[in-house]
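Remarks on the structure that follows.
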Amino acid sequence: MIHSLFARRRAPWVAAALITGLLGSACDRPAPSGASAPPDFDGTARNVILMIGDGMGPQALGLLLSYIEAAGKDPARYTELSNAGTLGLTTTHASNTIVVDSAASATAMATGTRTTNGSIGV
47 MIHSLFARRR APWVAAALIT GLLGSACDRP APSGASAPPD FDGTARNVIL MIGDGMGPQA
107 LGLLLSYIEA AGKDPARYTE LSNAGTLGLT TTHASNTIVV DSAASATAMA TGTRTTNGSI
167 GV
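So the sequence shown is numbered by our numbering: it starts at 47 and just counts up by one.
So, in structure tokens, the structure goes:
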């Protein structure tokens with residue numbers, strides 16, 4: 047009983063440390079040399095890539111920035127992450143519960159339609 051209570055109290059801190067470490071290590075990679083747009087690119091997007099981080103909000107990015115500053119890493123890499131496209135924030139609610147799961151949340155963001163928890167694209 048005591049062990050499970052201690053583990054539950056520690057779980058959010060362990061998760062935050064894991065996310066910070068993963069994002070921080072991704073920001074520490076050198077930029078590829080010679081990267082540029084293909085020569086036939088006319089400025090019109092052909093595809094849209096929707097990246098939905100489960101539970102990743104402004105708090106996770108703020109934690110990443112704090113880690114970068116504390117670890118003495120280059121904050122320019124964080125700027126690349128924050129300027130790497132268009133950032134959209136949304137509030138989602140499932141149609142059958144108060145707390146939304148990630149599948150219903152992704153469906154709401156991708157289609158603009160509410161759905162029930164446990165449903166994808168319905």
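Just so you know, even glycine gets a beta-carbon here, dropped at the ideal spot from N, CA and C.
Quiz item: If we ignore side chains and look at the alpha-carbon of each, how far apart do Met47 and Val60 end up?
Solution: As a working mapping, residue 47 is identified with position 1 in the sequence shown. As a working mapping, residue 60 is identified with position 14 in the sequence shown. With a pLDDT of 47 at Met47, under the threshold of 50, the modelled position of that residue is not reliable, and the figure given next carries that caveat. In a straight line, the C-alpha of Met47 is about 20 Å away from that of Val60.
Practice problem: Please determine, among Arg160, Ile95, Leu107 and Met155, the residue with the shortest C-alpha to C-alpha distance to Thr66. | Solution: If you number the sequence shown from 1, residue 66 lands on position 20. Minimum Cα distance to Thr66 is reached at Leu107.
Self-check item: Beta-carbon gap between Ala140 and Thr162 smaller than 8 Å
Solution: One-based indexing of the sequence shown puts residue 140 at position 94. One-based indexing of the sequence shown puts residue 162 at position 116. Against a cut-off of 8 Å, the Cβ pair of Thr162 and Ala140 comes out as a contact.
Practice problem: Please classify Glu122: is it buried, with 16 or more other beta-carbons within 10 angstroms of its beta-carbon, or exposed? | Solution: Against the sequence shown, residue 122 aligns to sequence position 76. One point to set straight first is that residue 122 is Ala, not Glu, in the sequence displayed. Its Cβ having fewer than 16 others within 10 Å, Ala122 is exposed.
Exercise. Assuming Ala62 and Leu111 form a contact by the criterion Cβ under 8 Å, report the distance between their Cβ atoms to the nearest whole angstrom.
Key: As a working mapping, residue 62 is identified with position 16 in the sequence shown. As a working mapping, residue 111 is identified with position 65 in the sequence shown. Their Cβ separation, rounded to whole angstroms, is 13 Å, which puts Ala62 and Leu111 out of contact at 8 Å.
Exercise. Measure the C-alpha to C-alpha separation of Ser148 and Asp86 and round it to an integer number of angstroms.
Key: The residue you call residue 148 lines up with position 102 of the sequence shown. The residue you call residue 86 lines up with position 40 of the sequence shown. Near 38 Å, if we compare the C-alpha coordinates of Asp86 and Ser148.
Quiz item: Under three-state DSSP, which class holds Gly164?
Solution: Here residue 164 is taken as the residue at index 118 of the sequence shown, counted from 1. If DSSP states are grouped into helix, strand and coil, Gly164 belongs with coil.
Quiz item: So, is Ala116 buried or exposed, given that buried needs 16 or more other C-beta atoms within 10 angstroms?
Solution: Start at 1 with the first residue of the sequence shown, and residue 116 comes out as number 70. Exposed, because fewer than 16 other Cβ atoms sit within 10 Å of the Cβ of Ala116.
Quiz item: Is it buried or exposed for Val146, if we count other Cβ within 10 angstroms and need 16 for buried?
Solution: Translated into positions along the sequence shown, residue 146 becomes position 100. By the neighbour-count rule (16 or more Cβ atoms within 10 Å), Val146 is buried.
Quiz item: Between Asn129, Ser165 and Met155, which lies nearest to Thr143 when the distance is taken from Cα to Cα?
Solution: The residue labelled residue 143 in the question sits at position 97 within the sequence shown. Distance from the Cα of Thr143 is smallest, within the candidate group Asn129, Ser165 and Met155, for Ser165.
Quiz item: Can you tell me whether Ala150 is buried or exposed, with buried defined as 16 or more other CB within 10 angstroms of its CB?
Solution: Taking the sequence shown and counting its residues from 1, one reaches residue 150 at position 104. Result: buried.
Quiz item: Going straight from the alpha carbon of Thr153 to that of Ile114, what length do you get?
Solution: In the sequence shown, the residue the question calls residue 153 occupies position 107. In the sequence shown, the residue the question calls residue 114 occupies position 68. Taking the straight line joining both Cα atoms gives about 33 Å.
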